[in-house]
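Residues in the sequence shown are numbered consecutively from 1191, following the working numbering. Note that the Cβ used here is the ideal one computed from N, Cα and C, for glycine as well. In this text the structure is predicted, and so the values were computed from the model without any measurement. Below is one structure, written out as structure tokens; comments come after it.
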Amino acid sequence: MKKFWNWKTVQNNNDKLPENILFLNGTIAEESWFDDEVTPQIFKEELIKHSGDITVWINSPGGDCIAAAQIYNLLMEHKGNVKVKIDGIAASAASVVAMAGTEVIMSPVSMLMIHNPMTIAYGSTSEMQRAIDMLSEVKESIINAYEIKTGLSRNKISKLMDNETWMDARKAVELGFADSILKRDEIQDIEIPNVSMLYQEATVQNSMMNKIKETFKNVNEEKIKADSLINRLDLIKNWR
């Protein structure tokens, strides 16, 4: 398991209680959470240990939709205020995680990107159509998260996803994906992990293919059946 998150507790001078900080850096779940009960449980247990208010720093190009869905749900159910701060990029699945924040704050030089869900499949015409239909359902579930946060119409959000929309901090605030822009004094006392990255569609596709290959490593045939991918997508079609 390659962890893409870590915790830090900071004692602020003006507050009696320490601040719990969660960093989400890099690709979300390079090793897929599909058919993995251990990693999600570890994340859940760590989140429970950090009771009360938390601050989530995000710098991620996206990653595994299943992991993003579970993180989103866990943060939404967390008994405390969840403040999300985007200091680099929150693209693709990472943008969905960001929507779990009761308050979303972006660095003035950060970016947020939303687009349609993707998968890679191989099979007959009917099998491929089933994969397409399931992706449509997954898109609707993702729209749920964006709609709750922004208040935009589903049609508007759908068009933004179709166009693979990139937003700077001002645009994200204007559209409702973020609430405000990060100020200088909000980062001066926090040591943010230095993770440099650039979103590229090919990178996401390669990561996705590697996860699929790992999932089916015991299969003799060197092809990916759409039926198997349908089961994977089915796990995330009922996002909030």
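For residue i, which three-state DSSP category applies?
i	result
Lys1192	coil
Val1328	helix
Met1289	coil
Met1266	helix
Ile1261	helix
Val1363	helix
Trp1214	According to the sequence displayed, residue 1214 carries Leu and not Trp. DSSP places Leu1214 in strand when its eight states are reduced to three.
Leu1160	Beyond the ends of the chain as shown, which are 1191 and 1430, falls residue 1160; an answer cannot be given.
Ala1368	coil
Ser1316	helix
Val1228	helix
Leu1237	helix
Assuming residue i and residue j are in contact, meaning their beta carbons sit under 8 Å apart, how far apart are those beta carbons, in whole angstroms?
i	j	result
Met1303	Ser1282	6 Å
Ser1250	Ile1211	Rounded, the Cβ-Cβ distance is 15 Å, inconsistent with contact.
Val1363	Gly1291	About 13 Å; that fails the 8 Å criterion.
Ordered along the chain, which non-local residues of its own chain (more than five positions away) have a Cβ less than 6 Å from that of residue i?
i	result
Asn1196	Phe1213
Lys1413	With a pLDDT of only 48 at Lys1413, under the threshold of 50, the placement of this residue in the model should not be trusted; the figure read from the coordinates follows. Tyr1312.
Gln1319	none
Met1351	Ile1304, His1305, Asn1306
Ala1280	Ile1248, Ala1288, Leu1302
Looking only at its chain, what residues have a beta carbon closer than 7 Å to the beta carbon of residue i, apart from the 5 residues adjacent to it on each side?
i	result
Ala1359	Met1296, Ser1297, Pro1298, Ser1300, Ala1368, Ile1371
Lys1339	Met1289, Gly1366, Phe1367
Glu1337	Arg1344, Ile1347
Cutting at 8 Å between CB atoms, please list the residues of its own chain near residue i, excluding the five before and the five after it.
i	result
Pro1208	Thr1199, Val1200, Gln1201, Asn1202
Can you tell me the Cα-Cα spacing of residue i and residue j, whole angstroms?
i	j	result
Lys1239	Thr1229	16 Å
Asp1243	Thr1355	31 Å
Ala1284	Asp1323	23 Å
Ser1314	Lys1361	42 Å
His1268	Leu1237	8 Å
Lys1193	Leu1264	17 Å
Gly1253	Glu1220	7 Å
Met1308	Ile1333	15 Å
Ile1310	Asp1277	30 Å
Tell me residue i's beta-bridge partners as DSSP assigns them.
i	result
Val1200	Glu1209
Ser1250	Ala1280
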